[in-house]
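Below is one structure, written out as structure tokens; the observations come after it.
In the working numbering, the protein residues as written are 17 to 322.
Spelled out as structure tokens, the structure:
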């Protein structure tokens, strides 16, 4: 783990867990013993002033430096894969790190130009043509070359998950996937040419399909992976399928799913949920998504080693 040993010790104390934290200075110092958490201690958090559940520049800087450090370690070959917890974008901005999220941080520090966000669980895998931009800009980013590159990334990811012949589907941008140009021409001018190019390259891909039925079919097993044109088009069906709300406790009862950045020279998986500041320090957070993210990171690392 890369972060702050004092913060981890305080969390363990509050939860009364039978665990021990050992602060280390380099990865090679970790012993990987049961019941022992080795923390590559950056020492950037003053626990005397830290307020769980509140945005602060101190916490934002600590989170950013943890991410940057783990990227550097992976790029140096000291790690086989990286798994990230959620970060608060407002906090890292307060600290002067003007990135829109993990994906963009990873792309910057690995020198990657072509990358994409994939949300995955055992029932649904969704890659995005665009993510953290306005809806207006997302429409402008719906271009054939970008869509084709995303299809390539999705097919490769599915193969890393053990799917030897991935069946892919591409969502339309407009209502009813444009309905032959009645509701927009992006399908005709950009999406269909990208799909045709992908087929010529040997990919098994259908579309453009109306997203309201595409994702229903995907969850039922018709497709191994889906291409969403923008952030919410992919996130909403994914979270409807994988997230469960507890109305009595007024919190998420289960959050299943992993966020994977594709196209990087290193492996990066993450949870597919936010920081949940409203329950910070209360011992209510579900570990499900982080466990899935760890599992996917291991599977991808094993694939790359094979």
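Virtual Cβ for every residue (Gly too), placed ideally from N, Cα, C. Small disclaimer: the values here were computed from a predicted structure and weren't measured.
ask   = If you count every other CB in all the chains shown that lies within 10 Å of the CB of residue 105, and 16 or more means buried, which is it?
value = On the chain shown, position 89 is the one that residue 105 refers to. Buried, because 16 or more other Cβ atoms sit within 10 Å of the Cβ of residue 105.
inquiry  = Among 318, 17, 229, 253, whose alpha-carbon lies nearest the alpha-carbon of residue 178?
reply    = The sequence position of residue 178 within the chain shown is 162, counting from 1. Out of 318, 17, 229, 253, 318 has the C-alpha closest to the C-alpha of residue 178.
inquiry  = In this structure, how does DSSP classify residue 47 when only helix, strand and coil are distinguished?
reply    = In the chain shown, residue 47 corresponds to position 31, counting from 1. Residue state, collapsed to three classes: coil.
ask   = Does the distance from the CB of residue 148 to the CB of residue 244 come in under 7 Å?
value = Within the chain shown, numbered from 1, the residue matching residue 148 stands at position 132. Within the chain shown, numbered from 1, the residue matching residue 244 stands at position 228. It is not a contact, given that the beta carbons lie outside the stated cut-off.
ask   = For the beta strand (DSSP E) that contains residue 97, what are its first and last residues?
value = Against the chain shown, residue 97 aligns to sequence position 81. Residue 97 -> no beta strand (DSSP E), and no H or E assigned at all.
query = Do you know offhand how far residue 25's Cα is from residue 134's?
reply = The residue labelled residue 25 in the question sits at position 9 within the chain shown. The residue labelled residue 134 in the question sits at position 118 within the chain shown. Each residue's alpha carbon lies about 33 Å from the other.
Straight-line gap, residue 314 to residue 218 (C-alpha atoms, nearest Å) = Mapped onto the chain shown, residue 314 falls at position 298. Mapped onto the chain shown, residue 218 falls at position 202. So the alpha carbons of these two residues sit roughly 28 Å apart.
Bridge partners - residue 144, DSSP secondary structure assignment = Counting from 1 along the chain shown, the entry for residue 144 is found at position 128. Its beta-bridge partners are 244.
key: Contact the stretch 113-124 vs the stretch 260-267: 3+ CB pairs below 8 Å   = no
key: Collapsed DSSP secondary structure at residue 85 in the structure displayed   = Numbered from its first residue, the chain shown carries residue 85 at position 69. Note: residue 85 maps to helix in three-state DSSP.
ask   = If residue 61 sits next to residue 110, beta carbons under 8 Å apart, how far is it from one beta carbon to the other, in whole angstroms?
value = Here residue 61 is taken as the residue at index 45 of the chain shown, counted from 1. Here residue 110 is taken as the residue at index 94 of the chain shown, counted from 1. Actually they do not touch by this definition, with Cβ atoms about 15 Å apart.
inquiry  = Short of 8 Å in beta carbon distance, which residues of its chain neighbour residue 88, apart from the five on each side in sequence? Order them along the chain.
reply    = As a first step, residue 88 is located in the chain shown; it is residue number 72 there, counting from the start. Contacts found: 125.
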